[in-house]
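Student: Encoded as C-alpha cells, here's the structure I'll be asking about.
There are 2 protein chains.
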Amino acid sequence: MATIYDVAKKANVSVKTVSRVLNRSQLVRQETRSRVLAAMADLDFHPNSAARSLRRKRTGAIGFVVPFGSDFVFHDPGMIEQIKGALDLLNERGYDMVLSVPTNRDDALREVVRLTKRRNVDGAILYGMTGADSIVKELSEKGFHFVSLGYCYPEQTHNFVEIDAVAGGIAATRYAISLGHTRIGLIKEPSNFLLPNKRSIAEGYKTALEQAGIPYDERLVREGDYTVSGGYWAALRLLDHDEHARVSAIICSSDPTALGALRALRERGLVPASGTQNGFLLLAGDCLPSTRLIEPSLGGIQAPLYEQGRLAADMLVSVISEGRDVPGIVLKPTMLVPA
Amino acid sequence: MATIYDVAKKANVSVKTVSRVLNRSQLVRQETRSRVLAAMADLDFHPNSAARSLRRKRTGAIGFVVPFGSDFVFHDPGMIEQIKGALDLLNERGYDMVLSVPTNRDDALREVVRLTKRRNVDGAILYGMTGADSIVKELSEKGFHFVSLGYCYPEQTHNFVEIDAVAGGIAATRYAISLGHTRIGLIKEPSNFLLPNKRSIAEGYKTALEQAGIPYDERLVREGDYTVSGGYWAALRLLDHDEHARVSAIICSSDPTALGALRALRERGLVPASGTQNGFLLLAGDCLPSTRLIEPSLGGIQAPLYEQGRLAADMLVSVISEGRDVPGIVLKPTMLVPA
DNA sequence: TTGTACGCGTTATCAA
DNA sequence: TTGATAACGCGTACAA
Chain A
1 MATIYDVAKK ANVSVKTVSR VLNRSQLVRQ ETRSRVLAAM ADLDFHPNSA ARSLRRKRTG
61 AIGFVVPFGS DFVFHDPGMI EQIKGALDLL NERGYDMVLS VPTNRDDALR EVVRLTKRRN
121 VDGAILYGMT GADSIVKELS EKGFHFVSLG YCYPEQTHNF VEIDAVAGGI AATRYAISLG
181 HTRIGLIKEP SNFLLPNKRS IAEGYKTALE QAGIPYDERL VREGDYTVSG GYWAALRLLD
241 HDEHARVSAI ICSSDPTALG ALRALRERGL VPASGTQNGF LLLAGDCLPS TRLIEPSLGG
301 IQAPLYEQGR LAADMLVSVI SEGRDVPGIV LKPTMLVPA
Chain B
1001 MATIYDVAKK ANVSVKTVSR VLNRSQLVRQ ETRSRVLAAM ADLDFHPNSA ARSLRRKRTG
1061 AIGFVVPFGS DFVFHDPGMI EQIKGALDLL NERGYDMVLS VPTNRDDALR EVVRLTKRRN
1121 VDGAILYGMT GADSIVKELS EKGFHFVSLG YCYPEQTHNF VEIDAVAGGI AATRYAISLG
1181 HTRIGLIKEP SNFLLPNKRS IAEGYKTALE QAGIPYDERL VREGDYTVSG GYWAALRLLD
1241 HDEHARVSAI ICSSDPTALG ALRALRERGL VPASGTQNGF LLLAGDCLPS TRLIEPSLGG
1301 IQAPLYEQGR LAADMLVSVI SEGRDVPGIV LKPTMLVPA
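From first to last, the protein sequence lines stand for chains A and B. Numbering-wise, the working numbering puts 191 at position 191 of the first sequence, and it's gapless, one number per residue. Numbering-wise, the working numbering puts 1299 at position 299 of the second sequence, and it's gapless, one number per residue.
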C-alpha cells in the first residue's frame, strides 16, 4: 500500500502538505492540492487508520455492548430498534459501530473495559445492568466515555437514556379500566431488567388500579421474559388459573410477549377485540412499527426504543467531543389505542 | 494511560520482555513474567490497539456491509439471522465486528473499500450484489480479503456462501402439488436480489409444475419485496385477481412475505390449513425459528440463513489467515411441513 | 504557503 | 532468556 511518503514524492511536496490535503486544511494552494489529489488517485492511496488513531488518539468507532447474548438480542425487536437507532445516528456522525453481544453481565463488563481501555473505540454504549457500578464509575473517572441504555447504577444522574416504565403501566391500565375492565392481567418485565432506581411497569399498574378503586390481585401479575414463548406461557397461566373469574384484559411489557399472549388467546378461542369494541383486550408493550405490520390492530404502550438508541448514541458523541458527562434523559412512552 | 515503557520500568525489564509477556511468548522466565504481570496490574495497563494494528498489520476486526439500509436490514429477520450467524462465529474466533448498513449499492461498495483499504478491518463480508464485479475483483487482486453472502458477480467461483433458491422452489411446489393443489400462487424474491448466476425461486416453481404436468400461469407469480406489507399486497392481488379460479395455495419467498400474506388471508376470511388437512395452503420462505414462535404451524422452505452467516464468517477468517481464496459453498434449503 | 523532524505505542530484528 | 533500536504510517511543533 502507498503511504503519504509515496504520495509526497509523486506530487513533489512534503508529507505535511499531503497530510494537510488529507485533513482538508485551507492552507494549501489550489494548484498544489490538485497535484496531491492526483497523486493520491494514481497510487490508490488510502490513509492507514491504525496510524491515524495512534497519532490522533481517537478511532472514529464506538462500541455497542449488550449483555444478553445473541440469541436474545437478535430475536428481540426492541433491542433491534435500539441498535438501529444508535447505528443510524453514528452513521450520520461518521462513526463506525463495533457490535458486541456477550452472554452475561461479567463478560459484558469485560468487553466494555477491553474496547475502551485498549482504545479499540472512543466510547461505548452499554446496556443498563446491575454490577456495573464500579467499572462504569472507574471508566468515567479515568476519562473513558460511555453512555448507558437505562440506568447502570443506583443514583446515576448522567450518561443514560431511560424509558419510564411506570408511566406506561399507568396509561395502559387506565385505558383498560376506561373500557370497563376490572380483571386485568399484567405480564411484567423480567426482574433482571430492573435496577434499584429503575421502577417496574407493575408500579404503574398498581397505581392506576388504586386510583380507580379496583382491588389489586397479585395472581393477575406474572413475570415474562420478553420472549414470545414467555408471553405465551404467562398468558396461558393467566387464562387457565381462575376459570370463574378470568381476566378480560392482558397488558404486556413487550411486543414479543404480546405476540405470545396472542397465540395463547387464539388457542383458547379468544380473539382480542379491535378498537373500542367489547371483548378481550390485549395490549402490547413496545408497539413497534414492525410488530404492527404483522398485527396492525394491536395497541398498547408505545415505547420510543428507536429514539432511545439514537439519543444514547447522540449523547455519547457529545460526551466524547466535549469531554464531560451529560445529564440523563427519561423518555415517556405513549398509549396507542388498538385499531 | 500506562504504556509498555511504564510497565518495563516498573518491572525492571525491557519493553521487549513486556511485549513477550503480552504475546504469551514462552521465552520468558516464570519469575520475570510474574513481575511483569504484577506491574501491568498495578498500572492498569492495557495494550493500545492502534499501535498494535499499525505494527502487526492486522486489526482483529472484520466488516459486515449490507446495502439495503437500516430500515430494511433491521426489520428483516432473515438478514438478522445472517448477521447473528456471522457475529457468533467472529466472537468465537476473537474478532470484532464492524456493522455497516449503507442505503444503496454504491455506498456499500465505497464502505467496503474504505473499511478494507484504510485497514479499519482485516476483511469484509459483503452482501452479494450487482455492480460489485470490478471492486471485488480489485480487492482480491490487491490482497484485501472479502467473502460474499450470495454471489457478487457472474462466474464467481470463490469466496461466497449461497443458498439454492431453485431447490427451495421445487420442494415447496412439489409439496403443494402432493396435497392436490393445482392453482398455486408464488410471491417470488425482489429482482434486485438476483444476479446473472443467482437463479430465482420461480425457476424451481416452474420446474415442479412442469414435471407434474400442471400448466404455468404467469398471473399466479408476483414479485415481493421481502417485507410484510409487500407480502400482504401481493397476496391480496393473488386472491382478488381471479375470483372464479382463485389460488388455493401461496408459496412465499421469505418469512415476512408469508406473515403479510397471512394477514391478507385472514382479512379475506381464509385460515390456512394446518398439517395435511384440506384447505388453503400457505408456505413461508425462511421458516426461521423466530417466525415459528409467532406462527408455530407455518411450514415452508427452511433456509439455513444463520448457517450462511456463520459459514461466510468462517470462510473469511480462513481467507484472512491462509491468504488465499476459498471455493464457494451452496447450501440447500429443506422443506418444512406445516405443523 | 510549505517543509523538517519527532513522537504516538507496539512488535521485530538482531545481538548479547 | 533478555535488551537496544529500528520500523509501522500519520500528524504536528517549529521553522522557513
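No residue lacks a Cβ here, since even glycine has one placed at the ideal position from N, Cα and C.
May I ask which residues mark the beginning and end of the alpha helix (DSSP H) holding A/Gln302?
Tutor: Where A/Gln302 is concerned, there is no enclosing alpha helix (DSSP H), although the beta strand (DSSP E) it sits in stretches over 299–302.
Student: Is the region 210–226 of chain A in contact with the region 171–187 of chain A, if contact means three or more CB pairs nearer than 8 Å?
Tutor: Segments in contact, yes.
Student: For A/Thr257, tell me which candidate among A/Cys287, A/Asp133, A/Asn278, A/Lys84 has the shortest Cα-Cα distance.
Tutor: Taking only the C-alpha atoms, the option nearest A/Thr257 is A/Cys287.
Student: Please list the residues of the region 1033–1047 of chain B that have a C-beta atom closer than 7 Å to any C-beta atom in chain A, keeping them in chain order.
Tutor: Listed in sequence order: His1046, Pro1047.
Student: Say whether the region 1104–1115 of chain B touches the region 1055–1071 of chain B, bearing in mind that this needs 3 or more beta-carbon pairs closer than 8 Å, one atom from each stretch.
Tutor: Verdict: yes, contact present.
Student: So B/Tyr1205 and B/Thr1173 are supposed to be a Cβ contact under 8 Å. How far apart are they, rounded?
Tutor: About 5 Å; that satisfies the 8 Å criterion.
Student: Looking at chain A, is there any beta carbon in it that lies within less than 9 Å of the beta carbon of B/Asp1314?
Tutor: No, because no Cβ of chain A sits closer than 9 Å to the Cβ of B/Asp1314.
Student: Could you tell me the boundaries of the beta strand (DSSP E) in which A/Gly180 lies?
Tutor: Where A/Gly180 is concerned, there is no enclosing beta strand (DSSP E), given that its DSSP letter is neither H nor E.
Student: Under 7 Å Cβ to Cβ from B/Val1021, same chain only, skipping five residues before and after it: list those, please.
Tutor: Cβ neighbours of B/Val1021 beyond the five flanking positions: Val1028, Arg1033, Val1036, Leu1037.
Student: With a threshold of 6 Å on Cβ separation, who are the neighbours of A/Ala212 within its own chain once the five nearest residues in sequence on each side are excluded?
Tutor: Here the set comprises Ile177.
Student: Got a sec, what are the start and stop residues for the beta strand (DSSP E) A/Tyr361 sits in?
Tutor: Since the first residue of chain A shown is 1 and the last is 339, residue 361 of chain A is not available in this structure.
Student: Since B/Ser1140 meets chain A, which of its residues come closer than 8 Å, beta carbon to beta carbon?
Tutor: Going along chain A, no residue has its Cβ under 8 Å from B/Ser1140, so there is no contact; the nearest lies around 14 Å.
Student: Short check: CB of A/Gly299 to CB of A/Leu311, under 9 Å?
Tutor: Cβ distance not < 9 Å, so A/Gly299 and A/Leu311 don't count as in contact.
Student: Is A/Val317 near A/Tyr95, with beta carbons less than 9 Å apart?
Tutor: Against a cut-off of 9 Å, the Cβ pair of A/Tyr95 and A/Val317 comes out as a contact.
Student: Pick helix, strand or coil for B/Val1065, following the three-state DSSP scheme.
Tutor: Three-state DSSP puts B/Val1065 in a strand.
Student: Going by DSSP, which residues form a beta bridge with A/Ala249?
Tutor: A/Ile184, A/Leu281.
Student: Could you check whether the Cβ of B/Val1121 sits closer than 8 Å to any heavy atom belonging to the ligand ZN?
Tutor: Judged by which ligands are present, the structure shown has none, so any question about the ligand ZN falls away.
Student: Any idea which residues DSSP pairs B/Leu1336 with across the strands?
Tutor: In the DSSP output, where bridge partners are listed per residue, B/Leu1336 has B/Gly1300.
Student: DSSP state of B/Lys1382, grouped into three classes?
Tutor: For chain B, the structure presents residues 1001 to 1339; residue 1382 of chain B sits outside this window and is missing.
Student: Per DSSP, which residues does A/Phe146 bridge with? Please list them.
Tutor: According to DSSP, which records beta bridges pairwise, A/Phe146 is partnered with A/Ala124.
Student: Which of helix, strand or coil does DSSP assign to A/Pro272?
Tutor: Reduced to three states, the DSSP call for A/Pro272 is coil.
Student: Compare the beta carbon distance of A/Asp122 and A/Thr59 with 9 Å and say whether it is the shorter of the two.
Tutor: Yes.
Student: My assumption, with CB atoms under 8 Å, is that B/Gly1069 sits in contact with B/Val1101. Please give the rounded CB distance.
Tutor: Rounded, the Cβ-Cβ distance is 6 Å, consistent with contact.
Student: If you draw a straight line from the C-alpha of A/Ser253 to the C-alpha of A/Ile201, how long is it?
Tutor: Cα-Cα distance, rounded: 7 Å.
Student: Measure the alpha-carbon distance for B/Leu1209 versus B/Glu1203 and round it to whole angstroms.
Tutor: Roughly 10 Å between the two C-alpha positions.
Student: What ranges does the beta strand (DSSP E) occupy inside the region 22–89 of chain A, keeping only unbroken runs of at least 3 residues that lie completely in it?
Tutor: Runs found: 61–65.
Student: Name the DSSP bridge partner or partners of B/Val1330?
Tutor: B/Glu1162, per the DSSP bridge assignment.
Student: Can you check which of these residues, B/Ala1261, B/Asn1104, B/Arg1263, B/Ile1214, is closest to B/Asn1192 by C-alpha distance?
Tutor: Of the candidates B/Ala1261, B/Asn1104, B/Arg1263, B/Ile1214, the one whose C-alpha sits nearest the C-alpha of B/Asn1192 is B/Asn1104.
Student: Shortest alpha-carbon distance to A/Ala167 belongs to which of A/Arg199, A/Ala313, A/Glu138, A/Pro154?
Tutor: Ranking the options by Cα distance to A/Ala167, first place goes to A/Arg199.
Student: What residues from chain A crowd round B/Arg1118, counting only those whose CB sits closer than 7 Å?
Tutor: Those within 7 Å of B/Arg1118 in chain A are His46, Pro47, Asn48, Ser49.
Student: Establish whether the CB of A/Val66 and some CB of chain B are separated by less than 9 Å.
Tutor: No, because no Cβ of chain B sits closer than 9 Å to the Cβ of A/Val66.
Student: Shorter than 9 Å from the beta carbon of A/Thr59 to some beta carbon of chain B?
Tutor: Yes, contact with chain B.
Student: So, at 7 Å on beta carbons, what are the nonlocal neighbours of A/Gln30 in its own chain, with the 5 sequence-adjacent residues on each side left out?
Tutor: Cβ within range, chain order: n/a, list empty.
Student: Taking only beta carbons into account, state which residues of the region 1281–1293 of chain B come closer than 7 Å to chain A, listed in chain order.
Tutor: Against chain A - using a Cβ distance shorter than 7 Å - the residues of the region 1281–1293 of chain B are Ser1290, Leu1293.
Student: State the Cα-Cα distance for the pair B/Gly1128 and A/Gln302, rounded to the nearest angstrom.
Tutor: If I take the Cα positions, the gap works out to 36 Å.
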